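Notes follow once the structure below has been shown.
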Amino acid sequence: MSQYDVIIVGAGPGGIFAAYELMRLAPRLKVAVFEAGAPLAERKCPIDGKKIKSCIKCKTCAIMSGFGGAGAFFDGKYNITNDFGGTLYEYIGREKATELMEYVDRINVENGGQDTKMYSTAGTRFKKLCMQNKLKLLDASVRHLGTDINYVVLENLYRKLKDQVEFRFHYHVDGIKACEGGYEVRRGDAVDVCRECIVSVGRSGSKWMENICRELSIPTRSNRVDLGVRVELPAEIFSHLTSELYESKIVYRTEKFEDLVRTFCMNPYGSVVNENTNGIVTVNGHSYEDPAKQTANTNFALLVSKHFSEPFKDSNGYGESIARLSNMLGGGVMVQRFGDLIRGRRSTRARIDEGFVVPTLAAEPGDLSLVLPKRILDGIIEMIYALDTIAPGTANDDTLLYGVEVKFYNMEVELNSRLETRHRGLYVIGDGSGVTHSLSHASASGVCVAREIAED
Ligand SMILES: Cc1cc2nc3c(=O)[nH]c(=O)nc-3n(C[C@H](O)[C@H](O)[C@H](O)COP(=O)(O)OP(=O)(O)OC[C@H]3O[C@@H](n4cnc5c(N)ncnc54)[C@H](O)[C@@H]3O)c2cc1C
Numbered sequence: 000m001s002q003y004d005v006i007i008v009g010a011g012p013g014g015i016f017a018a019y020e021l022m023r024l025a026p027r028l029k030v031a032v033f034e035a036g037a038p039l040a041e042r043k044c045p046i047d048g049k050k051i052k053s054c055i056k057c058k059t060c061a062i063m064s065g066f067g068g069a070g071a072f073f074d075g076k077y078n079i080t081n082d083f084g085g086t087l088y089e090y091i092g093r094e095k096a097t098e099l100m101e102y103v104d105r106i107n108v109e110n111g112g113q114d115t116k117m118y119s120t121a122g123t124r125f126k127k128l129c130m131q132n133k134l135k136l137l138d139a140s141v142r143h144l145g146t147d148i149n150y151v152v153l154e155n156l157y158r159k160l161k162d163q164v165e166f167r168f169h170y171h172v173d174g175i176k177a178c179e180g181g182y183e184v185r186r187g188d189a190v191d192v193c194r195e196c197i198v199s200v201g202r203s204g205s206k207w208m209e210n211i212c213r214e215l216s217i218p219t220r221s222n223r224v225d226l227g228v229r230v231e232l233p234a235e236i237f238s239h240l241t242s243e244l245y246e247s248k249i250v251y252r253t254e255k256f257e258d259l260v261r262t263f264c265m266n267p268y269g270s271v272v273n274e275n276t277n278g279i280v281t282v283n284g285h286s287y288e289d290p291a292k293q294t295a296n297t298n299f300a301l302l303v304s305k306h307f308s309e310p311f312k313d314s315n316g317y318g319e320s321i322a323r324l325s326n327m328l329g330g331g332v333m334v335q336r337f338g339d340l341i342r343g344r345r346s347t348r349a350r351i352d353e354g355f356v357v358p359t360l361a362a363e364p365g366d367l368s369l370v371l372p373k374r375i376l377d378g379i380i381e382m383i384y385a386l387d388t389i390a391p392g393t394a395n396d397d398t399l400l401y402g403v404e405v406k407f408y409n410m411e412v413e414l415n416s417r418l419e420t421r422h423r424g425l426y427v428i429g430d431g432s433g434v435t436h437s438l439s440h441a442s443a444s445g446v447c448v449a450r451e452i453a454e455d
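What follows is the structure in C-alpha cells.
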C-alpha cells in the first residue's frame, strides 16, 4: 500500500493537465496517475489493413485508452469556446473557462505546437453568408495541432511529467472507497491511499463511473446522445471555409421538425476512421498537419441530439442500439452515396468506385435509411441541401455518407463549482463527468481542479 497526496485516475487530457498543473504549482505533493491503457509509445491498434482489417475488440482499446486518452491519435483540434465542447462555464463561469482553455493552448504551444495555426471566426464574412442561408456559424478559435503534432506535444508533456509524477500503466482501477483522511483506490487486492482523488476516466470509463457514483451515492443526471453520419467530399468544396476557419461549427434548424442539426469535427484534407466504443464500431475522422499525409477529401459529421428523460432515460442505450443495428447490417461502418440515399437505393461497390469521391475508409456499401430513424435522416438530408447553398457541391450525388456516427456523453455527475463531488476531496473532471466533451474543456477542467488543490 502506497500513500499519495493526490491520485489521478485516467491519463487523458483531463488527467494529464491536472498532473501538469500540480507539478507546476505544488511540486512537493506526491502525485500518481493510474491509467488502464498503455504508455503513448506502446499504444498500437492491431488493425493493419492487411491481416487485420477491422476491429477485433481488444480488452483495452489502444485508440481510446492510454497516455493521451481518447483523442491521442486524432487531429488535436483545440477549440477555445463556451459555445460547444462542454458546459464547464456553468460551473466555473465563462471568463474563467476561457482563461483556462487559453492557458492550455499556451502549454500546448510551448510543448511542440509552436508552428501550428490558430484559426478564428472573429470578423469572418461567413457569419453573414450562413445567416442569409438559414444557418448559424458558432463562435470559436481553434488551434489545429493535427494528429502528428498532437503526438509530439503529448510526448513532450510526458517527458516533463514522468520524473515528478508516478505513472502506472496497464493499471485499471477497480474501485474507490472513502476512508479516514481520504480515499482508498483499489485494483484487485492492491490498495493505495490518497488525501485527494481526481477521477478523469473519459468516455471509455462511463460504465465504471456510473458504478462508482452508485457506490458512493453521488447523484447523476442522464445526458444526451448525438446521432448522425460522417460526410466525405472533395476538399475543394469546403476549401473557402476550411482555409479561413479550419473547422466551421454550423447549426441548422430543420423546416420539417424544427430539429437542430449541426456540423461537428471537420477535417480538411483528412481521413475517415473507425472508432470503437465498448465494442461498438462507429465512425469518426481526423487529419494531419503534415501536407504529405493529407488526402484530397474533407470530412465532417452531421449530428442530431436526442435526450431522453421520462420514462425512458437511457439516451446512450438508444444510440448504442442504432450503432449495433448498423454494425449488424454492415459488419461495421456502412457507406452510402448521397445520390443513392435520396433515390432510396443501397449503394454498391461498383457505384462507389465509379463516383468522383475516393473513400478514405474501407466501409461496407449499404443503405443508411435502414439504420437511422426517419426523423434524423430527414434532418440530415435537409442540412446537406442547406450546406449546398454556402458550399455548392455538398449535395452532389457522389458525396459519401458513413454511418453511423454517434457521440455518447457520460451521465452528468453532480459537482460543485470546484468540480468536487459531495465527498470532500473527490473530484470528477473531463468527459467522465459529463460536463466536458472536448480536448480543451477536458484539459481546462484538469487545470481548474489542480489549482483548487494547490491553493488548499
Ligand atoms: C477519434 C476521436 C477524435 C477526437 N478528436 C477531437 C478533436 O479534434 N477535438 C476535440 O476537442 N475533441 C476530440 N475528441 C474528443 C476528446 O478526445 C475527448 O473529449 C477528450 O479526450 C476527453 O479527455 P478526458 O481526459 O476527459 O478523457 P479520455 O481522453 O477519454 O481519457 C480517459 C482515460 O482514462 C482511462 N481510464 C478509464 N477508466 C479507467 C479506470 N477505471 N482506471 C484507470 N484508467 C481508466 C482511459 O484508459 C483513458 O486513457 C476526439 C475523440 C475521439 C475518440
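Be aware that the sequence shown starts at 0, since it is given in numbering that gives the first Met the number 0, and climbs by one per residue.
Positions of the beta carbon are idealized from the N, C-alpha and C atoms, including for glycine.
Only a predicted model underlies this, so the values are computations on that prediction, with no experimental measurement involved.
query: Should residue 248 be labelled buried (16 or more other beta-carbon atoms within 10 Å of its own) or exposed?
result: Indexing the sequence shown from 1 puts residue 248 at position 249. Residue burial is scored here from C-beta neighbours: residue 248 has at least 16 other C-beta atoms within 10 angstroms and is therefore classed as buried.
field: residue 169, DSSP secondary structure in three states
entry: Taking the sequence shown and counting its residues from 1, the one referred to as residue 169 is at position 170. Looking at residue 169 - three-state DSSP - the assignment turns out to be coil, as it is neither helix nor strand.
- prompt: Any heavy atom of ligand 1 closer than 7 angstroms to the Cβ of residue 8?
  reply: The residue you call residue 8 lines up with position 9 of the sequence shown. For ligand 1, at least one heavy atom lies less than 7 angstroms from the Cβ of residue 8.
query: Less than 8 angstroms separating the beta-carbons of residue 140 and residue 91?
result: The residue given as residue 140 occupies position 141 in the sequence shown. The residue given as residue 91 occupies position 92 in the sequence shown. Not a contact, by the Cβ cut-off of 8 angstroms.
task: Please go through the same chain and pick out, in chain order, the residues whose beta-carbon is closer than 7 angstroms to the beta-carbon of residue 234, but skip the five residues on each side of it.
output: One-based indexing of the sequence shown puts residue 234 at position 235. The residues are 267, 268, 295, 296 and 297.
query: Does the beta-carbon of residue 425 have 16 or more other beta-carbons within 10 angstroms, so that it is buried, or is it exposed?
result: Here residue 425 corresponds to residue number 426 of the sequence shown, with the count starting at 1. With 16 or more other Cβ atoms within 10 Å, it is buried.
query: Can you round the beta-carbon distance between residue 84 and residue 436 to whole angstroms, since I take them to be within the 8 angstroms contact cut?
result: What you label residue 84 is simply residue 85 of the sequence shown in a count that begins at 1. What you label residue 436 is simply residue 437 of the sequence shown in a count that begins at 1. Between residue 436 and residue 84 the Cβ distance is about 6 angstroms, and since that is below 8 angstroms, they are a contact.
- prompt: Distance, Cα to Cα, residue 438 vs residue 270?
  reply: Residue mapping note: residue 438 aligns to position 439 of the sequence shown, counting from 1. Residue mapping note: residue 270 aligns to position 271 of the sequence shown, counting from 1. Rounded to the nearest angstrom, the gap between the Cα atoms of residue 438 and residue 270 is 19 angstroms.
- request: Report the option in 170, 17 and 62 whose CA atom is closest to the CA atom of residue 453.
  value: As a first step, residue 453 must be located in the sequence shown, where it is residue number 454. Minimum Cα distance to residue 453 is reached at 17.
task: Go ahead and pull the three-state DSSP assignment for residue 241.
output: By 1-based counting over the sequence shown, the position of residue 241 is 242. DSSP, reduced to helix, strand and coil, places residue 241 within a helical segment of the structure shown.
field: Closer than 8 angstroms to chain D by CB, residue 296
entry: This model lacks chain D altogether, as it is built from one protein chain only.
message: Determine whether the beta carbon atoms of residue 400 and residue 369 lie at a separation below 8 angstroms.
response: By 1-based counting over the sequence shown, the position of residue 400 is 401. By 1-based counting over the sequence shown, the position of residue 369 is 370. Result no, Cβ atoms of residue 400 and residue 369 do not sit closer than 8 angstroms.
query: Does the separation of the CB atoms of residue 314 and residue 222 fall below 8 angstroms?
result: Translated into the one-based positions of the sequence shown, residue 314 becomes position 315. Translated into the one-based positions of the sequence shown, residue 222 becomes position 223. In this structure, residue 314 places its C-beta atom within 8 angstroms of the C-beta atom of residue 222.
- request: State buried or exposed for residue 257, treating a residue as buried only when at least 16 other CB atoms are found within 10 Å of its CB.
  value: As a first step, residue 257 must be located in the sequence shown, where it is residue number 258. Residue burial annotation: residue 257 is exposed, with fewer than 16 other C-beta atoms found within 10 angstroms of its C-beta.
- request: Please report the Cβ distance between residue 398 and residue 244, rounded to the nearest whole angstrom; I am assuming they are in contact, meaning their Cβ atoms lie under 8 angstroms.
  value: In the sequence shown, the residue the question calls residue 398 occupies position 399. In the sequence shown, the residue the question calls residue 244 occupies position 245. Actually they do not touch by this definition, with Cβ atoms about 20 angstroms apart.
message: Taking the beta strand (DSSP E) that residue 410 belongs to, which residues open and close that run?
response: Residue numbering aside, residue 410 sits at position 411 when the sequence shown is read from its first letter. In the DSSP annotation of this structure, residue 410 is not part of any beta strand (DSSP E), being labelled neither H nor E.
- request: Note down, one range per segment and in chain order, each beta strand (DSSP E) of at least 3 residues found wholly within the segment 26-54.
  value: Segments of the beta strand (DSSP E) lying fully in the segment 26-54: 30-33.
For residue 266, three-class secondary structure by DSSP: Taking the sequence shown and counting its residues from 1, the one referred to as residue 266 is at position 267. Note: residue 266 maps to strand in three-state DSSP.
- prompt: Less than 8 angstroms separating the beta-carbons of residue 301 and residue 227?
  reply: Working through the sequence shown from its first residue, we reach residue 301 at position 302. Working through the sequence shown from its first residue, we reach residue 227 at position 228. Yes, the pair counts as a contact, with Cβ atoms nearer than the cut-off.
message: Looking at ligand 3, does it come within less than 7 angstroms of residue 170, judged from the CB to the closest heavy atom?
response: Of the ligands this structure carries, namely ligand 1, none is ligand 3.
Beta-ladder partner(s) of residue 85, from DSSP: As a first step, residue 85 must be located in the sequence shown, where it is residue number 86. Bridge partners of residue 85: 435.
field: Cβ shell of residue 21 (< 8 angstroms), same chain only, five flanking positions each side left out
entry: As a working note, residue 21 is residue 22 in the sequence shown. Leaving aside the five residues that flank residue 21 on each side, the residues in its chain whose CB is nearer than 8 angstroms to its CB run, in chain order, 5, 28, 30, 164, 449, 452 and 453.
message: Tell me the rounded alpha-carbon separation between residue 354 and residue 392.
response: The sequence position of residue 354 within the sequence shown is 355, counting from 1. The sequence position of residue 392 within the sequence shown is 393, counting from 1. About 14 angstroms.
- request: Output the boundary residues of the alpha helix (DSSP H) element that contains residue 24.
  value: Taking the first residue of the sequence shown as 1, we reach residue 24 at position 25. Its alpha helix (DSSP H) spans residues 12-24.
query: What separation, rounded to the nearest whole angstrom, lies between the Cα atoms of residue 325 and residue 282?
result: By one-based count along the sequence shown, residue 325 stands at place 326. By one-based count along the sequence shown, residue 282 stands at place 283. Taking the straight line from one Cα to the other gives about 11 angstroms.
query: Per DSSP, residue 76 forms a beta bridge with which residues?
result: Taking the first residue of the sequence shown as 1, we reach residue 76 at position 77. DSSP output for residue 76 lists 143 as bridge partner(s).
- prompt: For ligand 1, any of its heavy atoms closer than 7 angstroms to the Cβ of residue 78?
  reply: Within the sequence shown, residue 78 is the residue found at index 79, counting from 1. Yes, since a heavy atom of ligand 1 falls inside the 7 angstroms radius drawn around the Cβ of residue 78.
- prompt: At what residues does the beta strand (DSSP E) containing residue 304 begin and finish?
  reply: By one-based count along the sequence shown, residue 304 stands at place 305. In the DSSP assignment, residue 304 falls within the unbroken beta strand (DSSP E) covering 296-305.
- request: Kindly give me the distance between the Cβ atoms of residue 389 and residue 137, rounded to whole angstroms, as I take these residues to be in contact under 8 angstroms.
  value: For the purposes of this step, residue 389 is taken as the residue at position 390 of the sequence shown. For the purposes of this step, residue 137 is taken as the residue at position 138 of the sequence shown. The beta carbons of residue 389 and residue 137 sit about 14 angstroms from each other, so the pair does not count as a contact at 8 angstroms.
field: Whole-number beta carbon distance between residue 114 and residue 285, since they are thought to touch under 8 angstroms
entry: In the sequence shown, residue 285 corresponds to position 286, counting from 1. In the sequence shown, residue 114 corresponds to position 115, counting from 1. About 19 angstroms; that fails the 8 angstroms criterion.
task: Look at the alpha carbon of residue 323 and the alpha carbon of residue 274, and state the distance between them as a whole number of angstroms.
output: Position 324 of the sequence shown, counting from 1, holds the residue named residue 323. Position 275 of the sequence shown, counting from 1, holds the residue named residue 274. Across the structure, residue 323 and residue 274 are spaced so that their CA atoms are roughly 13 angstroms apart.
message: Just to confirm my understanding: we take residue 37, look at its own chain, exclude 5 residues before and 5 after, and list those with CB closer than 7 angstroms. What are they?
response: Numbered from 1 along the sequence shown, position 38 holds the residue referred to as residue 37. Within the same chain, residue 37 has close Cβ partners 61, 65, 168 and 169.
query: Taking the runs of the beta strand (DSSP E) that are 3 residues or longer, which of them lie wholly in the segment 167-237?
result: Restricting attention to beta strand (DSSP E) runs no shorter than 3 residues, the segment 167-237 encloses them at 174-178, 181-186, 189-198 and 224-233, ordered along the chain.
The alpha helix (DSSP H) enclosing residue 327, as first and last residue numbers: Mapped onto the sequence shown, residue 327 falls at position 328. Residue 327 -> alpha helix (DSSP H) spans 314-329.
- request: Evaluate residue 318 with the Cβ neighbour count: other Cβ atoms within 10 Å of its Cβ, from every protein chain shown; 16 or more gives buried, anything less gives exposed.
  value: Residue numbering aside, residue 318 sits at position 319 when the sequence shown is read from its first letter. So residue 318 counts as buried.
message: If I measure Cβ to Cβ from residue 195 and keep anything under 6 angstroms in the same chain, skipping five residues before and after, which residues do I get?
response: Taking the first residue of the sequence shown as 1, we reach residue 195 at position 196. So the qualifying residues of the chain are 5, 424 and 452.
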